């Protein structure tokens with residue numbers, strides 16, 4: 001059962017023209033739309049299903065700098081500033097709480113990873129610091145884990161995925177953005193080799209620029225245009241407890257569990273050491289490109305071949321503008337939660353903080369993550385298709401940077417000075 005997002009009354013009018021069309025009504029596309037609207041640029045957001053219906057509402061809600069690639073941290077720092085201002089910007093609570101994030105290590109090898117990361121970002125002057133076992137106990141009391149140590153970033157935070165996208169969407173609508181749900185974009189319209197519009201299931205919309213923020217669907221959309229985007233799907237299972245007394249407001253991650261406080265007083269929990277890798281044709285097509293990542297992360301992947309392979313195979317990879325697209329056949333990707341992984345997460349967490357024995361499960365769900373070979377997103381123009389910019393491939397950590405990622409995408413679309421250096425995210429790096 002997917003999380004229930006705050007309801008939004010989206011647009012009913014289908015326009016014939018606009019300045020920018022955004023494909024995808026997730027939090028990246030919505031934030032980009034709001035940023036463009038604040039610059040008085042006309043925007044239409046087209047969503048094949050419903051806003052934030054996929055990973056934008058299914059993620060853990062962490063807003064972190066800890067353990068990010070050094071090249072990705074400027075975007076995270078910019079996001080921190082924008083998250084802090086978001087309630088005032090959108091006129092609503094998005095659940096943003098700057099309570100810190102801690103990662104704990106069981107042995108010297110795990111601590112060496114944290115130490116190595118801290119050294120790699122020392123030039124960025126973060127507030128991250130290493131912790132002793134005693135300091136972990138003081139910050140997150142009631143634990144019985146035999147930790148070798150940890151790392152803590154007090155300025156890391158959390159926000160609520162079921163609130164944030166809706167609040168951003170409402171603010172964008174108030175500023176004149178048109179958001180249309182249940183309207184898939186089939187392809188682009190080109191004139192003299194440049195994007196001039198989009199073809200949707202309801203008709204055409206003329207525009208000057210298109211931003212593709214389609215998450216896991218971006219690869220298939222681009223593939224139909226003859227452009228290869230090397231992203232692959234992974235599935236993360238999550239659970240939410242009923243309200244309970246917990247050990248801390250700090251979000252905590254170990255190798256085999258994580259937890260963070262939910263707005264209703266419960267906790268969001270996952271088995272941090274395992275993801276389901278349901279094989280698709282793309283896993284075979286991109287195997288060589290992903291082999292280094294697979295070798296490094298094999299232990300965290302549950303690789304299986306089954307129904308998802310054949311479901312994916314049944315979806316077209318090439319179609320015409322007057323044909324029903326794959327995005328109309330699957331409005332919302334809604335994988336089932338893996339109960340074994342969620343049970344593992346709870347058992348591992350209880351073994352470390354016994355207070356979670358009292359936890360009662362309120363809900364469980366899963367979400368599909370689109371990952372790239374270097375685990376960083378793609379935010380930038382597509383050289384082969386002038387007038388097309390992409391913001392996708394966020395590899396499971398897009399929610400945290402979404403205010404800055406959407407802002408950066410809007411900068412690139414509108415020709416404004418970028419909020420941060422976009423070069424780490426360029427499309428052609430693959």
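In UniProt numbering, the protein residues as written are 1 to 430. Here a beta-carbon is modelled for each residue, glycine too, at the ideal position from N, C-alpha and C. Since this is a predicted model, take the numbers as computed values, not measurements.
Between the C-alpha atoms of residue 183 and residue 214 there is a straight-line separation of about 13 Å. The alpha-carbon separation between residue 264 and residue 361 amounts to approximately 13 Å. By the Cβ-count criterion, residue 382 is buried, with 16 or more other Cβ atoms from all chains shown falling within 10 Å of its own Cβ. Residue burial annotation: residue 307 is exposed, with fewer than 16 other C-beta atoms found within 10 angstroms of its C-beta.
A direct Cα-to-Cα measurement between residue 128 and residue 159 gives close to 20 Å. Listed in chain order, the non-local C-beta contacts of residue 334 below 7 Å within the same chain comprise 2, local neighbours out to five positions each way being set aside. Under DSSP, residue 190 shares a beta bridge with 195.
Remark: C-beta atoms of residue 101 and residue 345 do not approach each other more closely than 8 Å. Non-local C-beta neighbours of residue 248 in its own chain, meaning closer than 6 Å and more than five positions away in sequence, comprise 140, ordered along the chain.
In this structure, the beta-carbon distance from residue 63 to residue 400 falls below 8 Å. In the displayed model, residue 235 falls within a strand according to three-state DSSP. Under the three-state reduction of DSSP, residue 256 is assigned to coil, being neither helix nor strand. Residue 302 sits in a strand when the DSSP states are folded into three classes. Residue 398 is positioned such that its CB atom lies no closer than 8 Å to that of residue 378. Within the DSSP secondary-structure output, residue 363 pairs in a beta bridge with 240.
Here residue 122 is exposed, its C-beta having fewer than 16 other C-beta atoms within 10 Å.
Per DSSP, residue 135 is not a residue of any beta strand (DSSP E); the alpha helix (DSSP H) it occupies stretches across 133–139. By the criterion of at least three beta-carbon pairs nearer than 8 Å, the segment 169–183 is in contact with the segment 47–58.
Residue environment: residue 234 is assigned as buried (16 or more neighbouring CB atoms within 10 Å of its CB, all protein chains considered). Distances from the alpha-carbon of residue 395 to those of 69, 188 and 198 put 69 closest. Per DSSP, reduced to three states, the secondary structure at residue 62 is strand.
In the DSSP annotation of this structure, the continuous segment of the beta strand (DSSP E) that includes residue 278 starts and ends at 275–278. The C-beta of residue 426 has fewer than 16 other C-beta atoms within 10 Å across all chains shown, which makes the residue exposed. Where residue 379 is concerned, the enclosing beta strand (DSSP E) starts and stops at 378–381. If you check the CB distance, residue 142 and residue 365 do not come in under 8 Å. Nearest to residue 322 by C-alpha distance, out of 145, 30, 80 and 189, is 189. The C-beta distance from residue 373 to residue 271 rounds to 24 Å, too long to meet the 8 Å contact threshold. For residue 426, the three-state secondary structure derived from DSSP is coil.
A direct Cα-Cα distance of roughly 37 Å separates residue 42 from residue 314. In the displayed model, residue 149 falls within a strand according to three-state DSSP. From the listed residues 337, 402, 168 and 356, the smallest Cα separation to residue 87 is found for 168. If you draw a 10 Å sphere on the C-beta of residue 111, you find 16 or more other C-beta atoms in it, and that means buried.
Cβ contact annotation for residue 106 (same chain, cutoff 8 Å, sequence separation greater than five): 145, 146, 147, 148, 254 and 255, in chain order. Secondary structure of residue 48 (DSSP, three-state): coil.
At the C-beta level, residue 17 and residue 206 come within 8 Å of one another. It is roughly 14 Å from the alpha-carbon of residue 370 to the alpha-carbon of residue 332.
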